[in-house]
Amino acid sequence: MSATAPGLPDPALGEEFSTLLVGIQRLVRRRLREGQAEPRLRGAQVELLRLVADFPGLRVSDAAAELCLAANSVSTLVNQLVALGLLRREVDPADRRAALLYATGEAVERLAAWRARREALVGEVVAGLSADDRAALAAALPALRGVATGLRERAGEPGTAAPAAGGRAGP
Numbered sequence: 001m002s003a004t005a006p007g008l009p010d011p012a013l014g015e016e017f018s019t020l021l022v023g024i025q026r027l028v029r030r031r032l033r034e035g036q037a038e039p040r041l042r043g044a045q046v047e048l049l050r051l052v053a054d055f056p057g058l059r060v061s062d063a064a065a066e067l068c069l070a071a072n073s074v075s076t077l078v079n080q081l082v083a084l085g086l087l088r089r090e091v092d093p094a095d096r097r098a099a100l101l102y103a104t105g106e107a108v109e110r111l112a113a114w115r116a117r118r119e120a121l122v123g124e125v126v127a128g129l130s131a132d133d134r135a136a137l138a139a140a141l142p143a144l145r146g147v148a149t150g151l152r153e154r155a156g157e158p159g160t161a162a163p164a165a166g167g168r169a170g171p
């Protein structure tokens, strides 16, 4: 650990934290893909599907803002997921130029299965930790939410604001 002025965070903390999060995310994805029969989806595709499943009728522009992606990037993802039969696009009756997005039944089933497998995998690993480490993880959750809020605000998004279709509660 490097020396820092009293009251200031160790500059290496952010780097180690970020590296660990990325590594954990990658390991979870890899373990969950083992033995998966369906075609693999890219991370951005899964993020969009999760968002749309949580907020049926979400507009492409709202999805782009929530995911911090350009609208044309989200449109490309939408086209890919529609072609795979995982997303449905409908014309917005309030603005015929806009599209409303809906996850298909197949997408909802895949997401539910993925979430259940992720919960089981991570739950098993967490259960193998000491009681003190599990308590430390639980105690860190508010700080982790604060980091997420801070990063969202730096992207120009309100920390807890939801897309126009409703509040975001999902993973």
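With UniProt numbering, the residue at position 138 of the sequence shown is 138, and numbering never jumps. Just so you know, even glycine gets a beta-carbon here, dropped at the ideal spot from N, CA and C. Bear in mind that the values here come from a model prediction, so they are computed numbers and not experimental data.
Count the other CB atoms, across all protein chains shown, that sit within 10 Å of the CB of residue i; report buried if there are 16 or more and exposed otherwise.
| i | result |
| --- | --- |
| Leu48 | buried |
| Val74 | buried |
| Arg33 | exposed |
| Ala37 | exposed |
| Ser66 | The residue you asked about is not Ser; residue 66 is Glu in the sequence shown. Buried, since its Cβ has 16 or more Cβ neighbours within 10 Å. |
| Asp95 | exposed |
| Phe55 | buried |
| Glu15 | exposed |
| Leu101 | buried |
| Leu13 | exposed |
| Arg154 | exposed |
| Leu129 | exposed |
| Leu111 | buried |
Should residue i be listed as close to the ligand MG, given that the test is whether its C-beta is under 6 Å from any heavy atom?
| i | result |
| --- | --- |
| Val52 | What this structure holds is no ligand at all, so the ligand MG is not there to describe. |
If I'm right that residue i touches residue j with Cβ under 8 Å, what's the distance once you round it to whole angstroms?
| i | j | result |
| --- | --- | --- |
| Ala103 | Leu87 | 6 Å |
| Arg59 | Ala98 | 5 Å |
| Val22 | Arg118 | Not confirmed; about 16 Å, so no contact. |
| Arg40 | Leu121 | That pair is no contact at about 17 Å. |
| Leu81 | Gln45 | 6 Å |
Is the distance from the Cβ of residue i to the Cβ of residue j below 7 Å?
| i | j | result |
| --- | --- | --- |
| Val126 | Ala53 | no |
| Ala64 | Leu51 | no |
| Ser61 | Ala71 | yes |
Which ranges does the beta strand (DSSP E) cover as unbroken runs of at least 3 residues, wholly within the UniProt domain "HTH marR-type" (14-146), from first to last along the chain?
-> 87-92 and 95-103
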